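Q:
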Amino acid sequence: MISRTVQIGAGHVKQIGIGGLSPVSIQTMWKEGILVVLKESKEYNKDALFSILERIAVLESLGCDLLRFAVPDMESAQALNIIASKTSMPLVADIHFDYRLALECLKGDVAKIRINPGNIGKKENLVQV
Numbered sequence: 406m407i408s409r410t411v412q413i414g415a416g417h418v419k420q421i422g423i424g425g426l427s428p429v430s431i432q433t434m435w436k437e438g439i440l441v442v443l444k445e446s447k448e449y450n451k452d453a454l455f456s457i458l459e460r461i462a463v464l465e466s467l468g469c470d471l472l473r474f475a476v477p478d479m480e481s482a483q484a485l486n487i488i489a490s491k492t493s494m495p496l497v498a499d500i501h502f503d504y505r506l507a508l509e510c511l512k513g514d515v516a517k518i519r520i521n522p523g524n525i526g527k528k529e530n531l532v533q534v
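In our numbering, the protein residues as written are 406 to 534.
1. Report the rounded CA-to-CA distance for Gly414 versus Lys527, giving the unit in angstroms.
2. Rounded to the nearest angstrom, how far is the Cβ of Ala498 from that of Arg519, given a contact under 8 angstroms?
3. Taking just the CA atoms, how far does Glu448 sit from Ser481?
4. Using the rule of at least 16 other Cβ atoms within 10 Å of the residue's Cβ for burial, across every protein chain shown, is Asp514 buried or exposed?
5. Residue range of the beta strand (DSSP E) that Ala489 falls in?
6. Would you mind reading off the limits of the beta strand (DSSP E) that contains Ile439?
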């Protein structure tokens, strides 16, 4: 039995298939903080963003297809949206406990939301995502 294929990515984000007959996708988890991208004003820290984008490009050159980011709070969701708007690498928001973080990530260019339905709260929260 072959599983279904899920397409992720659109617009400027590279499209890849997951599952089905698609090749295995190589992914990794980002291990550093991303809040350095945010400034107190409405703008973002261009130097910090450039540094993150350089490291994403290195991962892509090594064969990484997907890059997962932990999104523990609203500021992280906003920072991830900024990063996602500047790269073609499909970025995945790893959400736990607060469905509103997923909704915030969906406002940007995040390619995929990863949630655990068991810890996202009420069924109504899951339906909103």
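All residues carry an ideal CB built from backbone N, CA and C; glycine is no exception. Keep in mind the model is a prediction, meaning the values are calculated, not measured.
A: Taking the structure as given:
1. Translated into positions along the sequence shown, residue 414 becomes position 9. Translated into positions along the sequence shown, residue 527 becomes position 122. Each residue's alpha carbon lies about 28 angstroms from the other.
2. Taking the sequence shown and counting its residues from 1, one reaches residue 498 at position 93. Taking the sequence shown and counting its residues from 1, one reaches residue 519 at position 114. Contact holds; Cβ gap of about 7 angstroms.
3. Working through the sequence shown from its first residue, we reach residue 481 at position 76. Working through the sequence shown from its first residue, we reach residue 448 at position 43. Approximately 15 angstroms between the Cα atoms of the pair.
4. Numbered from 1 along the sequence shown, position 109 holds the residue referred to as residue 514. Counting Cβ neighbours within 10 Å, Asp514 comes out buried, since at least 16 surround it.
5. Counting from 1 along the sequence shown, the entry for residue 489 is found at position 84. Premise fails: Ala489 lies in the alpha helix (DSSP H), Met479 to Ala489, not in any beta strand (DSSP E).
6. Here residue 439 corresponds to residue number 34 of the sequence shown, with the count starting at 1. From DSSP, Ile439 is part of no beta strand (DSSP E); its letter is neither H nor E.
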